[in-house]
Amino acid sequence: MKSLLFLLSAVLVLCAVVQAAEKSADCSLPKEIGPCRASYLKFYYDSGAKACKEFFYGGCQGNANRFDTNDECENLCF
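Residues -20 to -1, 1 to 58 in mature numbering (1 follows the signal peptide of the UniProt record, and there is no 0) are what the sequence shown spells out, letter by letter.
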């Protein structure tokens, strides 16, 4: 029983570590406007400034460092 509890705890810790690494990996990507010509106000994490900043997203492609709100950016990248 102790072995099962230990194994379950280890799996939960591993899942938390992997999830945290995925979030921070998205936040380390550069800002990417994309090739389309729309102009949607979005937010990205600037890893050099250690802050979320506004930018205008073109509407297609881009990358995962793009958030609808400043709060969403801060919650995922800080």
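Virtual Cβ for every residue (Gly too), placed ideally from N, Cα, C.
Note that the structure is a prediction, hence the values are computed from the model and not measured.
Endpoints, beta strand (DSSP E) assigned at residue i
| i | result |
| --- | --- |
| residue 34 | 31 to 37 |
| residue 21 | 20 to 26 |
Residue i to residue j span [Cα, whole Å]
| i | j | result |
| --- | --- | --- |
| residue 7 | residue 34 | 14 Å |
| residue 25 | residue 48 | 12 Å |
| residue 5 | residue 18 | 26 Å |
Rounded Cβ spacing between residue i and residue j (contact assumed at less than 8 Å)
| i | j | result |
| --- | --- | --- |
| residue 10 | residue 40 | Not a contact, Cβ separation roughly 17 Å. |
Exposure label - residue i; buried when at least 16 CB within 10 Å
| i | result |
| --- | --- |
| residue 30 | exposed |
| residue 42 | buried |
| residue 22 | buried |
Any non-hydrogen atom of the ligand NAP within 7 Å of residue i CB
| i | result |
| --- | --- |
| residue 48 | No copy of the ligand NAP appears in this structure; indeed no ligand is present at all. |
Where the alpha helix (DSSP H) through residue i begins and ends
| i | result |
| --- | --- |
| residue 56 | 50 to 57 |
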